[in-house]
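Just so it is clear: in the sequence shown, position 75 is 75 by our numbering, and no numbers are missing.
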Amino acid sequence: MTSDTPQRQRYPRGQGERLREELVEATIELLAETDDPADVSVRAVARRVGVSPTAVYRHFEDREDLLRAAIEACFNEFELALDEAAAAATDAFDALWRRGRAYLEYAMAGHGHYRVLFSNPAPLDDKGVLVGYSSFEKLVEAVQACLDAGAPAEDDAFRLAVELWTWIHGIVDLRITHPLLPWPPAEELFDTVTRKLSLAAPDA
1 MTSDTPQRQR YPRGQGERLR EELVEATIEL LAETDDPADV SVRAVARRVG
51 VSPTAVYRHF EDREDLLRAA IEACFNEFEL ALDEAAAAAT DAFDALWRRG
101 RAYLEYAMAG HGHYRVLFSN PAPLDDKGVL VGYSSFEKLV EAVQACLDAG
151 APAEDDAFRL AVELWTWIHG IVDLRITHPL LPWPPAEELF DTVTRKLSLA
201 APDA
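What follows is the structure in structure tokens.
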């Protein structure tokens, strides 16, 4: 351990998972703070937590494994927030609206986790699937449910989901990078997008 690394006591035997969680959270913090993911090294994460780099390698194979765990943790948090919001919906259109609103709220919360999700290349999980892809699959399913419920959109659910995601991400990105502009409420912009894509309730 280098002289600039804070000393800390080891967790008792059997509590190594707590250190792993701290390492993941430290990685998320560093990714959220930097403009270049290459700056997030194993040594930087170890320094943030107050352990030696060797301690990091007891839990992760390499730097890529550590970054993948951090991005996956953020996607799990993101997906849970959207799922919980949609669970209270009264119909397919309400579910899509709640999912979109939860997306906007998560992105604008200011904790930097959204930056981690979409400012870093999505890694593959241990099954060879893009980390976070399940959140997009759920958006496709939500759009398909609206089509099944009578939404007059003509495109297929996958294409509509891509277009909707592009709109939402654009709204978020512009609001984050240009916060001083007199933006309309994000929910109003989302309503406009769903109407333009013919995904609003027929009587909306």
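Cβ atoms here follow ideal geometry from the backbone N, Cα and C, with glycine treated the same way.
Can you say whether His111 is buried or exposed, counting buried as having 16 or more other CB atoms within 10 angstroms of its CB? exposed
Looking at C-alpha atoms only, which residue of Ala157, Ile176, Val193 and Asp148 is the closest neighbour of Phe223? There is simply no residue 223 to check, as the chain begins at 1 and stops at 204 in what is shown.
Buried or exposed, going by whether 16 or more other CB atoms sit within 10 Å of the CB of Trp183? exposed
Could you please give the first and the last residue of the uninterrupted alpha helix (DSSP H) stretch that includes Ser135? Tyr133 to Asp148
Measure the Cβ-Cβ separation of Ala102 and Ala95 and say whether it is below 7 Å. no
Through-space distance from Ala26 to Arg48, alpha-carbon basis: 6 Å
Under the rule that 16 or more other beta-carbon atoms within 10 Å means buried, what is Ala200, buried or exposed? buried
Does the ligand PLP have even one heavy atom less than 6 Å from the beta-carbon of Glu29? No copy of the ligand PLP occurs in the structure displayed, which carries no ligand at all.
Beta-carbon proximity list for Ala92, same chain, < 6 Å, skipping 5 on both sides: Ala145, Cys146 and Ala149
Measuring alpha carbon to alpha carbon, tell me which of Ile168, Tyr133 and Val140 ends up nearest Asp155. Val140
To the nearest whole angstrom, what separates the beta carbons of Val143 and Ala157, a pair I think is in contact under 8 Å? 4 Å
Suppose contacts are defined by Cβ-Cβ distances below 7 Å. Is Leu130 in contact with Leu160 by that definition? no
Considering only C-alpha positions, which residue in the set Leu82, Asp126 and Ala81 is nearest to Ala69? Asp126
Ala58 versus Ile28: straight-line alpha-carbon distance, rounded: A small correction: the amino acid at residue 58 is Arg; Ala does not occupy that position in the sequence shown. Distance between the alpha carbons of Arg58 and Ile28: 19 Å.
Measuring straight from C-alpha to C-alpha, what distance separates Pro179 and Ala153? 32 Å
Helix, strand or coil: how does DSSP classify Leu124 here? strand
DSSP three-state label for Leu130, please. strand
Which one of Cys74, Glu77, Ser41 and Asn76 has the shortest CA to CA distance from Phe60? Ser41
Please go through the same chain and pick out, in chain order, the residues whose beta-carbon is closer than 8 Å to the beta-carbon of Ser135, but skip the five residues on each side of it. Phe75, Phe78, Glu79 and Leu82
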